[in-house]
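Novice: Numbering of the sequence shown is given in the numbering used here, commencing with residue 626 and proceeding in unit increments. All C-beta atoms in this analysis are idealised placements derived from N, C-alpha and C, irrespective of residue type, glycine included. Bear in mind that the values here come from a model prediction, so they are computed numbers and not experimental data. Below is a structure I'd like to ask you about.
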Amino acid sequence: MSLSACAALPSLPSKNAKSASRCCSFKKEMLDSSKTEVITPHVHPPASTSFNFDSELSQSFTFFFCLARQELSAHLVSVSSEDKLIYLTFKCFEEIWKFTTYYSMGVLGHCLENLLLDESFWLRNLKEDVSIQVSIQEEKLNLFYRSILMQEGSLFASCTSNQMFDSSTSGGDLYLEQGDIAQFEPPFLGSGWTVLCLADGARGTVIQEYNAEGPHELTLAAGDRIIIVGLLLSCLSWFTGRKEGSGEEGLVQTLLITYSCWGKKEPCDSPLNETAEWPAEAKLSPMCVAVRPVMEEDNSTETLVPLFCFLEGRDYKEDFGVMYRQSSELLSTFKGHADEEELISFFSVARETARKRRLFWPHTRLCFLLGKLCMGRSKFSQARVYFEESLCVPCEAFTDLRLLAAIFSSLAAVYSVQKKRESFFSAAQRVAALLLGFPPCIQSVAHPCVLEYILKKAILSHNTKAEAWACFLLMKHHSIWGQDHQALPFLERLLVLWGHAPSVGFLEIGKLYRRLQHPHLSLSSGRKASQHPSASLCERLNSMLLLFNNTTAPPHQLAPYLHQTLSSAAPPAGPSVQGQLLIHQLTLCLCQLFEKHNMVPEAILHLHAFIHNASAAPRTPVSALERNSTLIWLAWLHLDQHQPRTALDVLDSVLACMPEHCTSPQEGVVLNMRGIALRCVGDLQRAAESYQAAMDICQEYEDISNWAVAQANLGLLCAKAGARPLALRHLNEAVRLFSELSEEEEEADFITVLLELGQHYVTLQQLDCGKGCYEWALLLALRTNLLEKQLAATRHLCRLYGSQSPDTTMSIIYSHHQVQLLRQTGDREQEGDALEALSQLYLSLGTERAYRAALFYTKTSLGIFIDMGCKKREAHGWLQAGNIYHLLFQTELVDIYIQAAQNVALITGDTHFILKFLEAAGDIFLNSRREQDKALIFYRDRALPIAVTNGCARTRLRLCQKVSEVLLGLGLYGEALEFTQTALEISITIGERLNQRVASHRLASIFHSMEQYELAEHYYLYTLSLCPTPLHFDEETVYYVRVYHTLGDIMFYHVKEPLDAAGYYHLALAAAMDLGNKRSQLQLCTRLATIYHNFLLDPQLSLFFYQRARGLAAELNVRSSSAP
């Protein structure tokens, strides 16, 4: 199956926005540059109904796999996103039949739209005809189709061309023409396929006299004009007709009449037009008739009079409906009998009495009832006798066509059981004629075998119109009996045969799919119905109702229905009063969907258009309260779009319409929002006055919720003005007011106030109070199942325990919860970020168990980034997994993961990113102190040439430093010298003083190791010259001690210059004394005492340093011995 999308599929936004039924809510960081929140008053909007491929391809096709198996009767093999192909397979003929039916109906594309298209797509393409077009490779499907048929054995097929088959008997060869239907039997005992012709002979047109064989037929004379009642199908032997002269109705044989249009594409087959009515099922209330025991020899008929009165009359009465339907309610129609035997006995006596007294219609109906009872007892021969007798009793024509249909359908069922083929065909043809002439007769047909015969006859005759009517009758029959599963395939086939079926057909099948638990097919059928060009306003509203009743349908899919219904509700001549109300409701619902999915400009556009059209109307049915609520919501939407001055104009117009000296709760709402708009334009004084006025009105009307909102907004305003104590007072008062409310709809605002209050406490370093506010907010969000608020509170707690009050355990707990929440929102990118952060938390624990947990979350985030196609994030994920495997000493997997990361990084083509990646890969080995030689591959062999080519001086400097460090660790001083000198040159060029000190110190160490002591002395002294003066940190003093000590050792041991060595030791001793490091002083005093005693021959200094050394040793020894 091939998919061809007509438009690029946008990324998936969050699916858990706040319900659109409330038009005012907190808005975070969007109204001005101060990044503070405002809290909007609680507005009760106009009464309206509240409706609550790329990045998602892998997950969507997981859903498609379930859909294909459960609803589309197909099995998913694989998906090729590049070629836009879905490979399916089928296991039996029924599956492929159903799938091709869905394809012919045109619902496959809609099913894929429901799965693949994200929320914003449904809202951004309302005016464009954008859809997923599905095409099937017909040749492969037909080959598959034939293969399955041949595997299942005997099959029926239609010849596509004239063909001669060899005879398997002594007779002549079998010749089949194009269109002939034949039965093919599978090979048996080495023989080939056997072909059996099913042709039923030719039929002509004659004009002749005809004498009726019963009261149900019309007696005809040559030249009589017959009016066709209902339909005449050329493939059937009978039809229902009416004499033009007498008006008498009855059954007429098709071959007895001539029709002027015969031979011209069968116009006598009345088409199924789009205005055809779907007969409604009658609601029958059974009438009770008393049954009294009567002896056969009793000649009294008084006890039978009520029964005869009930059964009398040639015309149909509604009380007969229960009897004709042959339902289990038959026995309840009659009362007073002990069992069925007594009822049969009573009917037998009544039948005989009616026969003797020539009560034709009671006699006929009693025969029918006795036949029904005999059928129920499996006495088919006796039932046949009663049914045949009921046809011969009347002396006048049947006008109760339901009775006639019930008799013939019962007779056909008996003939079918008794294998009387010719009689069955005759009875079935008559039932078909009655059903085509008078469709309500379907309620009297209890056995589907008659209807199935009609369907077979139509198929064999290649009469699609007759096949469509047969499917319709079978569907209606099974629907009457509550057999939805059996009715479904006939309704599906009817829509396929109908071609351009009307929207009502897809509505009906959508309801049937919903009852049969096929939600995606139900949605697709409703979508098909609403998109039909001839769909009326009522039908589009019914399509919306079908979506409402579907529990799997997300709210955003409602947008196309609302847009189409709005188009239908606004005729060119202008809507009526009811139409204006409907447009008002639909516009609000559509705008609420836009606002919920962060498409506020579209919501504003639609609201302005509605308000403009409503103001132009001579009379509007919308009340002033609803109109003001709509304007208040429009003002809030303008605030949401950083348009505070426009919002002020709207709010001022609302205030101008309100009475001057009569306040109302709605005025408090307007003043609250006006304060928000004034704060956004920077007029803090007037904003505070507006908030205060709103608080006074809310307090007067005891509007606690909006009072709390005004308090919170005033608190945020004070915080912006720098009055923190006043801000805390108002926020605490808002929390107190919110805590008095019990409505769950207020919890969202309460949670936002708690989070703001918590932030203020954390800013004031009152961490316990801040923690309490955050946790309170989280508990409220959990109780009310507000996903976004749970996420906000959890993020605050993660930040608190991660940096402001570090606690790794609590941070891990809340990070786990954050991942679960993000998984519910469907925001895959944020979920990947949270998983990476959780992995880092586990890595910081430094245990093997923690490393394995970190590996699990890293791999999970890696899977997300692979699905999203984020190559840079994917490369980072592979590299991080390799790093963790390195920490776990699983070296065989490290190279595999790093190589995979490198391959993904190279795909990006971003040189800067590739350099960072190669450096990070080398850092894995550099920082671990294991297999450091592998770091050279990434630093020297791969990254450094790229840095040189691109002229990245700082990157080149950093890489040279790391290469020299690795080479020094490996003892390769000659190679390290080159990179260290390069690093020194680059650092001097770009003015990196710290790197210059590092490189010069490393050069000194290299020359020291290479026994080039003069150069080593030079670079040590050069490094010291680069150190800042005066010294700021103890670490700098320690560095002086070590370098001068090293220089003294070089002069004393290698250069053999005791005097120079003594000078360096003196400098080192001075730095050690400044640092207060006794142990270093002891070492240096001992060394100086030795030099002055043995080499410089200065006994005084030698004794001084010797005594100083003994004092330090004694002091250090005392400390060592007193230590526990």
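1. Count the other CB atoms within 10 Å of the CB of Lys1559; is the residue buried (16 or more) or exposed (fewer)?
2. From the DSSP output, in three-state form, read off Lys1396 for me.
3. Would you decide whether Phe601 is buried or exposed? Buried here means 16 or more other CB atoms lie within 10 Å of its CB.
4. Might you give, ordered along the chain, the residues of its own chain that have their beta carbon closer than 6 Å to the beta carbon of Leu1256, omitting 5 neighbours on each side?
5. Assuming Cys1585 and Thr1607 form a contact by the criterion Cβ under 8 Å, report the distance between their Cβ atoms to the nearest whole angstrom.
6. What distance in whole Å lies between the Cβ atoms of Asp1025 and Asp940, which are believed to be in contact at a cut-off of 8 Å?
7. Measure the CB-CB distance between Arg1140 and Leu1171 and report whether it falls below 8 Å.
8. Cutting at 7 Å between CB atoms, please list the residues of its own chain near Glu1642, excluding the five before and the five after it.
9. How is His700 classed by DSSP in three states: helix, strand or coil?
10. At the level of alpha carbons, what is the spacing between Arg1354 and Tyr1426?
11. Taking Cβ positions, are Leu1480 and Ala1506 nearer each other than 8 Å?
12. Look at the Cβ atom of Tyr1476, then the Cβ atom of Leu1463, and state whether they are nearer than 8 Å.
13. What are the boundary residues of the alpha helix (DSSP H) that includes Gln758?
14. In terms of alpha-carbon separation, which member of Leu1713, Pro1683 and Leu1122 lies closest to Ile1084?
15. Tell me which same chain residues have a C-beta within less than 6 Å of the C-beta of His1633, skipping the five on either side of it?
16. Give the C-beta separation of Asn1338 and Asn1297 to the nearest angstrom, bearing in mind that I take them to be a contact with Cβ-Cβ under 8 Å.
17. Whole-angstrom Cβ separation of Leu1146 and Val702, contact assumed at under 8 Å?
18. Going by DSSP in three states, Leu713 sits in which element: helix, strand or coil?
19. For a test of the three-state rule: what should DSSP assign to Ser871, helix, strand or coil?
20. Determine the burial state of Ser1705: buried for a count of at least 16 other Cβ atoms within 10 Å of its Cβ, exposed for fewer.
21. Can the beta-carbon of Glu1220 be found closer than 8 Å to that of Leu1262?
22. Since Leu1651 sits in a beta bridge, which residues does DSSP pair it with?
23. In this structure, how does DSSP classify Gly866 when only helix, strand and coil are distinguished?
24. When the Cα of Lys1004 is compared with those of Ala1031, Gln1043, Ile1301 and Leu858, which residue comes out closest?
25. Are three or more beta carbon pairs between the stretch 1416-1425 and the stretch 1375-1391 nearer than 8 Å?
26. Take Cys1282 as the anchor and find which of Val1295, Thr844 and Ala1052 has the nearest alpha-carbon.
27. Considering only DSSP beta bridges, list what Gln878 is partnered with.
28. To the nearest angstrom, how far is the alpha carbon of Leu856 from that of Gly1001?
29. Which first and last residues belong to the alpha helix (DSSP H) in which Ile1675 is found?
30. What do you reckon, are the CB atoms on Trp863 and Leu876 nearer than 8 Å?
31. Report all residues from its chain with a CB closer than 7 Å to the CB of Thr1662; omit the five preceding and five following residues, and keep chain order.
32. At 4 residues or longer, and completely inside the stretch 1065-1108: list those alpha helix (DSSP H) runs for me, N to C.
33. Under the three-state reduction of DSSP, which class applies to Glu1740: helix, strand or coil?
34. Using only the alpha-carbon positions, how far apart do Asn1702 and Tyr1386 sit?
35. Establish whether the CB of Asn1508 and some CB of chain C are separated by less than 8 Å.
36. Thinking C-alpha only, which one of Thr726, Ala1058 and Glu927 is nearest Thr879?
Specialist: So, from the data block:
1. Counting Cβ neighbours within 10 Å, Lys1559 comes out buried, since at least 16 surround it.
2. Reduced to three states, the DSSP call for Lys1396 is helix.
3. The structure shown does not extend to residue 601, since the chain is modelled only from 626 through 1749, so no value can be given for it.
4. Within the same chain, Leu1256 has close Cβ partners Val1275 and Val1279.
5. At roughly 5 Å, the Cβ-Cβ gap stays under 8 Å, so Cys1585 and Thr1607 are in contact.
6. Right, the Cβ-Cβ distance comes to about 6 Å (below 8 Å), so this counts as a contact.
7. It is not a contact, given that the beta carbons lie outside the stated cut-off.
8. When the five nearest sequence neighbours on each side are left out, the beta carbons in the same chain lying within less than 7 Å of the beta carbon of Glu1642 are those of Leu1672 and Ile1675, in order along the chain.
9. Collapsing the DSSP output to three states places His700 in a strand.
10. Distance from the CA of Arg1354 to the CA of Tyr1426, rounded to the nearest whole angstrom, comes to 26 Å.
11. Yes, Cβ-Cβ distance for Leu1480 and Ala1506 is below 8 Å.
12. Their beta carbons are not under 8 Å apart, which means Tyr1476 does not touch Leu1463 by this criterion.
13. For Gln758, no alpha helix (DSSP H) run applies; the uninterrupted beta strand (DSSP E) run containing it begins and ends at Ile757 to Ser760, by DSSP.
14. It is Leu1122 whose Cα lies nearest to the Cα of Ile1084.
15. If the five residues before and after His1633 are omitted, its C-beta is found closer than 6 Å to the C-beta atoms of Ala1641, all from its own chain and listed in chain order.
16. Under the criterion of beta carbons closer than 8 Å, Asn1338 and Asn1297 qualify as touching, at roughly 7 Å.
17. Incorrect: roughly 21 Å between the Cβ atoms, too far for contact.
18. Leu713: strand per DSSP, three-state reduction.
19. Ser871 falls in the coil class under three-state DSSP.
20. Of the other Cβ atoms in all chains shown, 16 or more fall within 10 Å of the Cβ of Ser1705; this residue is therefore buried.
21. Yes, the pair counts as a contact, with Cβ atoms nearer than the cut-off.
22. In the DSSP output, where bridge partners are listed per residue, Leu1651 has none listed.
23. Gly866: strand per DSSP, three-state reduction.
24. Closest option to Lys1004, Cα to Cα, is Gln1043.
25. By the Cβ rule, the stretch 1416-1425 counts as touching the stretch 1375-1391, because three or more pairs are nearer than 8 Å.
26. Looking at the Cα atoms, Val1295 is the closest of the given residues.
27. Bridge partners of Gln878: Trp863.
28. Approximately 33 Å between the Cα atoms of the pair.
29. No alpha helix (DSSP H) holds Ile1675; DSSP gives it neither H nor E.
30. The answer is yes: Cβ separation under 8 Å.
31. Once the five neighbours on either side are set aside, the close Cβ partners of Thr1662 are Leu1656, Ala1696, Asp1699 and Leu1700.
32. Counting only runs of 4 or more, we get 1073-1085 and 1089-1105.
33. For Glu1740, the secondary structure class from DSSP, reduced to helix, strand or coil, is helix.
34. Between Asn1702 and Tyr1386, the C-alpha separation is close to 44 Å.
35. Absence of chain C from the displayed structure is noted, only one protein chain being present.
36. When only C-alpha atoms are compared, the closest one is Ala1058.
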